[in-house]
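Quick notes on the structure that follows.
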Amino acid sequence: MKKISILFFIIFISCTSAEVTELTSGQEIYTSRCSACHGSDLSGRVGPSLKADSKAAQMSDSYWIQTITKGMGSMPAQRLSDNEVTLVIDFIKGQY
Numbered sequence: 063m064k065k066i067s068i069l070f071f072i073i074f075i076s077c078t079s080a081e082v083t084e085l086t087s088g089q090e091i092y093t094s095r096c097s098a099c100h101g102s103d104l105s106g107r108v109g110p111s112l113k114a115d116s117k118a119a120q121m122s123d124s125y126w127i128q129t130i131t132k133g134m135g136s137m138p139a140q141r142l143s144d145n146e147v148t149l150v151i152d153f154i155k156g157q158y
């Protein structure tokens with residue numbers, strides 16, 4: 063029984079101590095987390111367009127941050143670091 067407990071503990075520790083890898087470019091984040099709904103070219107699919115002529119493009123950075131981190135409508139909140147949020151917003155706005 064003691065061996066099973068030790069084995070369980072080792073497995074538990076190894077599963078909980080896995081590092082979270084932060085994505086390092088806005089394009090990488092957009093491609094992996096946003097493009098399925100907003101389109102690879104920002105034109106929109108299930109989610110609205112994010113192109114320069116869209117309503118979203120006219121919104122403030124604080125609106126973007128709130129929408130990304132808290133979600134809105136059918137868009138779920140994204141679990142991104144503050145740095146990742148900044149990178150993806152900069153990437154999107156850099157496409158204008």
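Positions 63 to 158 (the numbering used here) are the ones given, in order, by the sequence shown.
Glycine included, each C-beta is placed from N, C-alpha and C at the ideal position.
Kindly indicate the opening and closing residues of the alpha helix (DSSP H) around valine 150. 144–156
Can you have a look at valine 108 and say buried or exposed, based on whether 16 or more other CB atoms are within 10 angstroms of its CB? exposed
Extent of the continuous alpha helix (DSSP H) run through aspartate 123: 123–132
Contact under 8 angstroms by Cβ, alanine 119 with tyrosine 92: no
Contact defined as beta carbons within less than 8 angstroms: I believe isoleucine 127 pairs with glutamine 140. What is the distance between those atoms, to the nearest angstrom? In fact, because the Cβ distance is near 11 angstroms, the residues do not count as touching under 8 angstroms.
For the alpha helix (DSSP H) holding cysteine 161, just list the boundary residues, first then last. Nothing about residue 161 can be reported from this structure: the residues present for the chain run from 63 to 158 only.
Pair within 8 angstroms by beta-carbon distance, leucine 149 and glycine 88: yes
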